Amino acid sequence: MSLYARLITLKQEEGSSTYDEDSFAGQVLSGNHHLPTPIESYIKALGHVVDNASIRYKLALPAWPEEDGTFGRMGPLTHWKYMSMPCPLVCRQRIQEDMRVTATPGVREWNLPVGIRPIEEGAGNECKKAWALLRDAFRRSHKKKKDTKSGQASVHEKNGVGTLPTTPSPAQTPKHPQPKGKRGQKATDETPSTVLMRYIIESKNNTPPPDDIEQVMAGVVTTLRSFPPRERAIAKAKIFKIVSDMEIDILSRPSTSSTVSTPST
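Numbering (the numbering used here), first residue to last: 39 to 303.
This is how it looks when you write it as structure tokens:
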């Protein structure tokens, strides 16, 4: 709910949110729904970003729920939408199911609402397979970048025998093999959420302190965001006009040049 409410606030800045969405975001963000501090900080960090050069980058929303609070019937073409954005109807049912299990412990499994449940037999397997391929591709790309950045050599397959098992030569066999991990212990890849969180923290730590101009502009940006769209456009036009007029005035001033005489030889 908090994530969906945060995304609604981004739509409010553009003036594209509906009355029902505004009401929902107001209830969730009223302060009555507390989250753990790390999760709350992570959700608040999502959104538009302004870099050191005062360039504003907007967060693109790949999909948005329809009026009934869904992305349509679950299937291979809509599964990515449910995995990319919170679905209000599914969130509501999950809360209801959690309350049911808390009140009467028993069967914990529950299914999607009938209106969006896949009708094709085995459709869920295809959706999970497609999402797994996207996830694995992201992890491989991230691991490759990390290995290249750390200076580790890339692994290249030989032509024609890349898929055949090979026996290492005695010179390639280490004298002291690395000890194996504990039984049952598996290496876990970093999730996209972990990578994003670490990037946000590192960016904050590596950001140089702003100068007086950046501090003033940051305050102006914060104030402009609170304006309605029409007043925001008027304020931006006036600010641009003031800066342009002063720049033209400076360029119009006569430039003074001095000459230095040199002795004749």
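Beta carbons are placed, not taken as given, at the ideal position from N, Cα and C, and that holds for glycine.
Please read all numbers here as calculations on a predicted model, not as lab measurements.
Can you tell me which of the options puts its alpha carbon nearest to the alpha carbon of residue i?
{"i": "Met39", "options": "Thr260, Ser61 and Ser54", "result": "Ser61"}
{"i": "Cys129", "options": "Pro143, Glu51, Ile77 and Asp106", "result": "Asp106"}
{"i": "Ile133", "options": "Asp250, Tyr120, Pro267 and Leu150", "result": "Leu150"}
{"i": "Ser92", "options": "Thr260, Ala273 and Met255", "result": "Met255"}
{"i": "Ile154", "options": "Thr116, Val233 and Ala175", "result": "Thr116"}
{"i": "Leu67", "options": "Glu51, Ser55 and Ile46", "result": "Ile46"}
{"i": "Asp136", "options": "Leu127, Cys125 and Trp148", "result": "Trp148"}
{"i": "Leu84", "options": "Lys49, Pro143 and Thr142", "result": "Lys49"}
{"i": "Asn244", "options": "Asn90, Arg291, Glu52 and Arg177", "result": "Asn90"}
{"i": "Cys125", "options": "Leu73, Asp58 and Tyr42", "result": "Tyr42"}
Looking at the structure shown, is residue i part of a helix, part of a strand, or coil, going by DSSP?
{"i": "Arg130", "result": "helix"}
{"i": "Arg268", "result": "helix"}
{"i": "Arg155", "result": "coil"}
{"i": "Arg177", "result": "helix"}
{"i": "Ala87", "result": "Looking at the sequence provided, one finds Val at residue 87 rather than Ala. Three-state result, Val87: strand."}
{"i": "Arg146", "result": "coil"}
{"i": "Arg94", "result": "strand"}
{"i": "His117", "result": "helix"}
{"i": "Asn243", "result": "helix"}
{"i": "Glu252", "result": "helix"}
{"i": "Leu99", "result": "coil"}
Going by the beta-carbon positions, is the gap between residue i and residue j smaller than 9 Å?
{"i": "Gly123", "j": "Ala98", "result": "The residue you asked about is not Gly; residue 123 is Met in the sequence shown. The answer is no: Cβ separation not under 9 Å."}
{"i": "Gly110", "j": "Pro156", "result": "no"}
{"i": "Tyr80", "j": "His86", "result": "no"}
{"i": "Ile238", "j": "Val258", "result": "no"}
Classify residue i: buried if its beta carbon has 16 or more other beta carbons within 10 angstroms, exposed otherwise.
{"i": "Arg175", "result": "Checking the displayed sequence, the identity of residue 175 turns out to be Ala instead of Arg. Ala175 comes out exposed."}
{"i": "Glu269", "result": "exposed"}
{"i": "Arg44", "result": "buried"}
{"i": "Pro143", "result": "exposed"}
Could you give the C-beta distance for residue i and residue j, rounded to a whole number, given that I count them as a contact under 8 Å?
{"i": "Arg146", "j": "Val139", "result": "6 Å"}
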